[in-house]
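Below: one structure, written as C-alpha cells.
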Amino acid sequence: MAKNLLIVESPAKAKTINKYLGKDFTVLASYGHVRDLVPKEGAVDPDRGFAMRYDLIEKNEKHVDAIAKAAKSADALYLATDPDREGEAISWHIAEILRERGLLEGKTLQRVVFTEITPRAIKEAMTQPRQIATDLVDAQQARRALDYLVGFNLSPVLWRKVQRGLSAGRVQSPALRMIVEREEEIEAFIAREYWSIEAECAHPTQTFTAKLNKLDGKKFEQFTVTDGDTAESARQRIVKAANGALHVTDVASKERKRRPSPPFTTSTLQQEGSRKLGFTTRKTMQVAQKLYEGVTLGDEGTVGLISYMRTDSVSLSEEALGEIRDVIARDYGTRALPDKPNTYQTKSKNAQEAHEAVRPTSALRTPAQVSRFLSDDERRLYELIWKRAVASQMVPATLNTVSVDLAAGSEHSFRASGTTVVDPGFLAVYEEGKDTKTSEDEDEGRKLPAMKIGDRVPLERIHADQHFTQPPPRFTEAALVKALEEYGIGRPSTYASIIQTLLFRKYVEMEGRSFRPSDVGRAVSKFLSSHFTQYVDYDFTAKLEDELDAVSRGEEEWVPLMEKFWGPFKELVLDKTESVDRSEATGARELGTDPKSGKPVSVRLGRYGPYAQIGTVEDEEKPEFASLRPGQSMHTIELADALELFKLPRKLGQSNGHEVSVGIGRFGPFAKRGTVYASLPKEDDPHTIDFERAVFLIEEKEEIARNRIIKQWDDSDIQVLNGRFGPYISDGKLNGKIPKDREPASLTLEEVTQLLADTGKPVRGRFGKKKAAAKKEPAVKKAVVKKAAAKKAPAKKAAKKATKKTAAKKAPAKKAVAKKAPAKKVVKKVAKA
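Under full-length UniProt numbering, the residue at position 581 of the sequence shown is numbered 581, and the numbers go up by one with no gaps.
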C-alpha cells in the first residue's frame, strides 16, 4: 500500500489523477457526499445551537470503508475533493469520520485544491496544501440546516392544506413562484391589435423595404393605427402622396464597436448550452463534468479538457491568457489580437470567486484536434467553451449602421436601416445566443444600396400588415437560470438541481422547451405566496444567499444567522397550521351551474390531481366527480369544458354481443367490452376515441391474454408465462426467472419448481400489495395436456417430493443477512475546531 492516500469525489477523476501521481500514491473516490443529516425530525436541533445528527449514506458506506482501510496504512492523507463549498464539506466529513475511527493519530492530513485536472495543475496543487476551510464548511452546513428546517416544517403544512406528499424547498419555492407568476401574466394578458406600414422600394441596384416612421406629419408609433380601415385609409393617402417614388431626405452612417462576451461562468454556460445546443441544465453539467474529469487523447493519455465548471468567476490565469493569445495570433492574425488582455468584472462576491472562468485547460487543443476522441455531446460542448474563451480575448467587432429617411410627399416618411460588419473581430469565432430578437438584430447583415440626399427611389408597392401584441413568453431553462441569477436566488451550482426538483415533484411540466406550472405547482406556490410571503420573496431569498456568502468569507457567524431565521419561521408555521382553510389553499373555483341538475359546478385539487365536481358535500345526493383531461388546468377551464367531462363513460356501440364503452377508472382511461378492460395509450383520449379504435385495443388485449400462457401443468399452480419484459415463471404468489439459455416451452415441471425455489420473489400489485393468483385459462387442449401429464405422473410426484425436500433444505440455508453494525450517529456542531 502506498504511503500517501489522496481522496477525490469521482472514480473517473481518481483514475486520471492516479496516473499523474505515480506509485507513491493511492487515489480513492468518495463517490460524492459520504454522510448526510438523519432523514427524520430532530436531525437539526435549534435548542442545542443547531447541532446536527449525521448518518453515513448507505450506498457510500463501502467507499468510506475502503478509504478507512487505506488510511490505516498511509502516512499522509490528502483531501482533494471539488474546489467549492460542497467539496470542502465532503473533505470535512471524511476527516471527521476518520478522526472518530481513530485513524488520524500521528498522520498528516491536508487539503489540496485544483481547478483543472492536468499534470501541471495536480503537481502544483500538491506543493501548496492547506487546512480545511472551516468558513466554507460552516456556510455549507448552514445552507443544509436551513433547507432541512424549511423542508421538515413547511412540507407537513402543505400535506394538511394542499395535498399529501408535497414538499417546499427554500430555493425551489421562489423559482416556482417565478414560473407561476409568469403563467398568470400570460393568462391575464389581453392582446392589442396594431398595424405596420411598409414600402417596398425598387432601387435600380437592389430592392429593399422601409418602415413607416411618420404619418400625417406626426411620429408613427406602435399603436398609431389599430384597425384595418384606418390602416387602409393611411396606406391610400401615402400612395397618393408618393406618386410612384420616395425621395431620400437624410442618410446617416454610424460606426460602433461590439465587445465580446466574457468567458463562461456556470450560469452562462448553462444558458448557452440550452440556447445553442438544446441541452438541459442537468445535461450541460453532466457533459462538462466528463470534460473536466478527463478524456483519453490517444498517446497523450487521459487529460482534463476544461477547468472546473462550478464557478462565478470570469477571470483567466496568466498562463491561460498567454495560450489563448498565441492561438488568436496563429489562427486569426495579429489584427484580431488586442494590445493587452481583455478583463471582465463580475458582481459576485462569494467564495467561488477564487476560481477561474470555465475554459479549456489548454487553448492549443483546438476542437478539431480533440473531436475524434469525444462523443458528439462532449465535442459540441467543448467547442462552445473553447470558442467562448478564445473570442473573449479578441478585438471588438466593428459594425457600420446606415439609416436612410425616404419621404412620401411632405407629410409621410419611411426609414430603412442596415448594419454591415466592417471588421468581424471576435465574431469570426463566436457570437452569444439571444432569447429574443430586436429590430437591430433584424437589420444586422442587411446591406442597403448606396444612396444620397435628393435621390428618387422608385416605389414598387406599399402594404399594411395586421399584428397583435404577444404575451410574455414562458420561461425556458436558459431564461429561468438567467432570472434566478439576476435576482440572486440560489447559486449557479444549484440551478440544475432546482429545475430537476420542480420537474420531479411535477410542480412544472415541459411544454416544448418551456416550463408550464401544473395545478399542484400553482396550488403550492399560491399557498406559500399567500401565507409564507417573506420566505418566497425574491429579495429575502437573495439576502439570505448573501448572508451565506458572508459566512463563507468569515464575515458572519452561522449560528446567529440560523437563530435570526428560525424564530419567526417557527412561529409562522405554527400559526398557519391552525388558521388556514384547505379549500382556499388549493385554489378551488366555482364555474357556474349545471343546467341539468341546477347544482353548482366547481373545480378542485384532490389526492389524485385536479377534478371537476357537480354538487356539494352538503347535498343529500353525493356529488359527481370527473378528472380533468391532460392539458386542462383548474385555473383556466370554463363551465362548458367542465360539463363535457361528465359525459364519461361513453357508449360507443355493440361488438360480439357486448356494449363497448370508454371511461376513466382508478388506473386511468380504459376501453371495455363485456368483462375485458384495455388501458388506453397516452395518444388516445376517452373523450374522442372512436368505436373501431376501442375495439382494436380490446382485441389486442385479448390476443395478449391468449398468448400469455406458454406452458402449464395439471395439479400445479406453476405456469410459464409471457410477460411485459419477457418469459417468466409464476405460481401466483412467486415470480421466478428463466435462464437466458433455456427455451421457455421446453422447461419441465421439475425444472420450473426448482427455478421458482431458487429465484422466486413475491408478486406485488400496482400499489405494492400481493396479487391474487392468476386464474388458469380453461385450456382448449386440456385432453392433450392431461395425456402428456399422465405419462409424467410418476415424475410429477417425484418432483413434488423433491420440491419439499429442497424447500426444507433451503429454508435454513437462506442467506442470513449479516447485521451491519449500526452506523454511528454523530451529533456534531459545525464549529471552528
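All C-beta atoms, glycine included, are put in the ideal place defined by N, C-alpha and C.
Between Ala-408 and Ile-238, the C-beta spacing is below 8 Å.
Per DSSP, Ile-499 is not a residue of any beta strand (DSSP E); the alpha helix (DSSP H) it occupies stretches across 492-504. About 5 Å separates the beta carbon of Ser-261 from that of Glu-432, a gap short enough to meet the 8 Å contact definition.
Within the DSSP secondary-structure output, Thr-398 pairs in a beta bridge with Lys-257, Asp-423. Between Lys-452 and Val-248, the gap from beta carbon to beta carbon is short of 8 Å.
Remark: three or more beta-carbon pairs, one from each stretch, lie closer than 8 Å, so the region 637-655 and the region 587-603 are flagged as touching. A straight-line Cα-Cα distance of about 25 Å links Ala-585 and Phe-646.
Burial is judged here by how many other beta carbons sit within 10 angstroms of a residue's own beta carbon; Pro-263 has at least 16 and is buried.
Within its own chain, the residues whose Cβ lies closer than 7 Å to the Cβ of Arg-513, once the five positions on either side in sequence are excluded, are Thr-476, listed in chain order. If one requires a minimum length of 4 residues, the alpha helix (DSSP H) runs lying completely within the region 572-643 are 582-586, in chain order.
When Cβ pairs closer than 8 Å are counted between the two stretches, the region 303-322 is seen to touch the region 356-374, the count reaching three or more. Listed in chain order, the non-local C-beta contacts of Trp-159 below 8 Å within the same chain comprise Gly-165, Leu-166, local neighbours out to five positions each way being set aside.
Non-local C-beta neighbours of Gln-271 in its own chain, meaning closer than 7 Å and more than five positions away in sequence, comprise Ala-478, Val-481, Lys-482, ordered along the chain. Of the candidates Pro-83, Thr-420, Val-150, the residue whose Cα lies closest to the Cα of Leu-448 is Thr-420. A straight line joining the alpha-carbon of Glu-557 with that of Ser-173 spans about 26 Å. Residue pairing by DSSP places His-467 opposite Tyr-194 in a beta bridge. The beta carbon of His-203 sits closer than 8 Å to those of Pro-449, Met-451, Val-457, Pro-458, all from its chain and outside the five residues before and after it, given in chain order. In the three-state scheme derived from DSSP, where H, G and I count as helix and E and B as strand, Ile-664 is classed as strand. Residue pairing from DSSP places Thr-209 in a beta bridge opposite Glu-200. The three-state reading of DSSP puts Leu-316 in coil, since its state is none of H, G, I, E or B. Within the same chain, Cβ atoms closer than 8 Å to the Cβ of Leu-721 are found at Arg-708, Ile-709, Ile-710, Pro-727, Tyr-728, Ile-729, Ser-730, Ala-774, the five residues on either side in sequence being excluded.
Under the criterion of beta carbons closer than 8 Å, Tyr-308 and Thr-115 qualify as touching, at roughly 4 Å. In this structure the region 224-235 does not lie against the region 366-379, because fewer than three pairs of beta carbons, one per stretch, are closer than 8 Å. Under the three-state reduction of DSSP, Tyr-430 is assigned to coil, being neither helix nor strand. Just so you know, the alpha carbons of Tyr-332 and Ile-179 end up roughly 43 Å apart. Taking Arg-379 as the centre and dropping the five residues before and after it, the same chain places the C-beta of Ser-371 closer than 6 Å to its C-beta, in chain order.
The DSSP-derived three-state label of Arg-415 is strand.
DSSP, read as helix, strand or coil, puts Ile-17 in helix. When secondary structure is reduced to three states using DSSP, Ile-306 falls in the strand class. By DSSP's assignment, Lys-564 forms no beta bridge with any residue. Per the DSSP secondary-structure output, Asn-4 pairs in a beta bridge with Phe-25, Ala-76. Residue burial annotation: Glu-743 is exposed, with fewer than 16 other C-beta atoms found within 10 angstroms of its C-beta.
Nearest Cα to Ile-698 within the set His-687, Pro-681, Asp-714: Pro-681.
Residue pairing by DSSP places Ser-679 opposite Phe-670 in a beta bridge. About 7 Å separates the Cβ atoms of Phe-532 and Leu-572, confirming a contact at the 8 Å cut-off. Closest in alpha carbon position to His-63, among Glu-88, Ile-97, Asp-84, Pro-83, is Ile-97.
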